[in-house]
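Undergrad: Following this message is one structure expressed as structure tokens.
Numbering (our numbering), first residue to last: 2 to 361.
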């Protein structure tokens, strides 16, 4: 066992604590990673609030990059010192989705089987099977994606969740292409990633929609061509105004609410695509006129993790960043220490930051 400092959510609604945990040596198919940077994501906040499940205590953190420190048996594609971005969808290769050639939908993704624990032996539940607000973490080897080691950890690690979800919702799920008009409703971390993805894919117009002027400014820095403050204008009317009255070819909903999804549905062009990447809560219900669903045609899609395949997408996006074509550094609002995570949650809730990144 190796002792390491980590951020743990002890119980629902309670502030996080920095404690010493025990990390076992890697077993078959596992790896220990020395974490260098980890982004503070809304999902971590949901874990702390009990919004994911009640399997406390949680070891938080999952948007991470670091160096492989040790590997277990049956691992032949990783070595000590490899620079990796951690992912939470290590595909199995044998489920029905993988066999059909759709590994990004893998229904049986891998995690480490051994638990990390508190010093008294209490097992920890790692956020999204990762738990990277820690100096070291234990993961399945398939959760380690090797990328260009010249990339800064604070930037590369953001691909582990929110930025990848956003970029992928545009490129992979929405299949944005050259000349498209794209609207993104909700411009937090995921929505900002969608804006960047649409710009990267060659969209002619990218319309950013939010109620927060600061987030709209961030969207402009990441490639938006137009902005809509939803407190000041009707979203559907504004998107149509910017698209010659037609609506957008692809509308990406990054909020996860029935009201904004309905706006997305009506803000798209005929035969256009709606992509839901915002995560609804279990009690939410959606109502749409059934005839409109038929008559407007097109596609209504959900985007899981940006429909990414980590070993395909992470290296590609890091390379594009290194070439200056994907400004991942603009997502990093601040770099903080491990004991500043609770304050980072407060800043996130206020909308003060796009991403706080814990540096270790």
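Every residue gets a Cβ at the ideal spot worked out from N, C-alpha and C, and that includes glycine.
Taking 7 Å as the limit between beta carbons, can you name the residues of its chain near residue 237, skipping five residues before and five after?
TA: Within the chain shown, residue 237 is the residue found at index 236, counting from 1. 264, 267 and 268, listed in sequence order.
Undergrad: Rounded to the nearest angstrom, what separates residue 131 and residue 182 at their Cα positions?
TA: Against the chain shown, residue 131 aligns to sequence position 130. Against the chain shown, residue 182 aligns to sequence position 181. Spanning the two alpha carbons is a distance of roughly 36 Å.
Undergrad: Considering only DSSP beta bridges, list what residue 147 is partnered with.
TA: Residue numbering aside, residue 147 sits at position 146 when the chain shown is read from its first letter. Answer by DSSP bridge pairing, in chain order: 85.
Undergrad: Are the CB atoms of residue 342 and residue 159 nearer to each other than 9 Å?
TA: Counting from one through the chain shown, the residue named residue 342 turns up at place 341. Counting from one through the chain shown, the residue named residue 159 turns up at place 158. No, the pair does not count as a contact, with Cβ atoms beyond the cut-off.
Undergrad: Within the same chain, show all residues whose beta-carbon is closer than 8 Å to that of residue 280, passing over the 5 residues directly before and after it, in chain order.
TA: Locating residue 280 in the chain shown gives position 279, counting from the first residue. Here the set comprises 257.
Undergrad: Residue 97 lies in the alpha helix (DSSP H); which residues open and close that run?
TA: In the chain shown, counting from the first residue as 1, residue 97 sits at position 96. Its alpha helix (DSSP H) spans residues 97-100.
Undergrad: Spatial neighbours of residue 126 within its chain, please: C-beta separation below 6 Å, excluding the five flanking residues on both sides.
TA: Taking the chain shown and counting its residues from 1, one reaches residue 126 at position 125. The residues are 56 and 59.
Undergrad: Could you check if residue 114 is buried or exposed, using at least 16 other CB atoms within 10 Å of its CB as the buried criterion?
TA: Translated into the one-based positions of the chain shown, residue 114 becomes position 113. Counting the other Cβ atoms within 10 Å of the Cβ of residue 114 gives fewer than 16, which makes it exposed.
Undergrad: What residues in its chain sit with their C-beta under 8 Å from that of residue 104, if we drop five residues either side in the sequence?
TA: On the chain shown, position 103 is the one that residue 104 refers to. Here the set comprises 92, 94, 98 and 310.
Undergrad: With a cut-off of 8 Å, do at least 3 Cβ pairs link the segment 142-151 to the segment 314-322?
TA: yes
Undergrad: For the 8 Å Cβ check, are there 3 or more pairs between the segment 155-169 and the segment 198-215?
TA: yes
Undergrad: Please say whether residue 302 and residue 207 have beta carbons closer to each other than 9 Å?
TA: One-based indexing of the chain shown puts residue 207 at position 206. One-based indexing of the chain shown puts residue 302 at position 301. For residue 207 and residue 302, no; Cβs fall outside 9 Å.
Undergrad: Taking residue 302 as part of the beta strand (DSSP E), name the residues at either end of that continuous run.
TA: The count along the chain shown starts at 1 and reaches residue 302 at position 301. Segment 300-303, the beta strand (DSSP E) holding residue 302.
Undergrad: Could you have a look at residue 63 and say whether DSSP puts it in helix, strand or coil?
TA: Mapped onto the chain shown, residue 63 falls at position 62. Three-state result, residue 63: coil.
Undergrad: Should residue 308 and residue 106 be called a contact, given that it needs their Cβ atoms to be closer than 9 Å?
TA: One-based indexing of the chain shown puts residue 308 at position 307. One-based indexing of the chain shown puts residue 106 at position 105. With respect to residue 106, residue 308 sits close: the two C-beta atoms are nearer than 9 Å.
Undergrad: Let me check one thing: in DSSP terms, what residues is residue 39 bridge-paired to?
TA: Locating residue 39 in the chain shown gives position 38, where the first residue counts as 1. 65 and 359.
Undergrad: Pairs of beta-carbons, one from the segment 222-233 and one from the segment 247-254, closer than 8 Å: are there three or more?
TA: no
Undergrad: Inspect the beta-carbon positions of residue 33 and residue 65 and report whether they are closer than 9 Å.
TA: To locate residue 33, count along the chain shown from 1; it is residue 32. To locate residue 65, count along the chain shown from 1; it is residue 64. Not a contact, by the Cβ cut-off of 9 Å.
Undergrad: Rounded to whole angstroms, what's the CA-CA distance from residue 190 to residue 90? Just pull it up for me.
TA: Counted from its first residue, the chain shown places residue 190 at position 189. Counted from its first residue, the chain shown places residue 90 at position 89. Each residue's alpha carbon lies about 19 Å from the other.
Undergrad: Count the other CB atoms, across all protein chains shown, that sit within 10 Å of the CB of residue 350; report buried if there are 16 or more and exposed otherwise.
TA: On the chain shown, position 349 is the one that residue 350 refers to. Its Cβ having fewer than 16 others within 10 Å, residue 350 is exposed.
Undergrad: Who are the near neighbours of residue 215 in its chain, counting only those whose CB is closer than 6 Å to its CB and skipping five residues on each side?
TA: Residue 215 sits at position 214 when you count from the first residue of the chain shown. Here the set comprises nothing.
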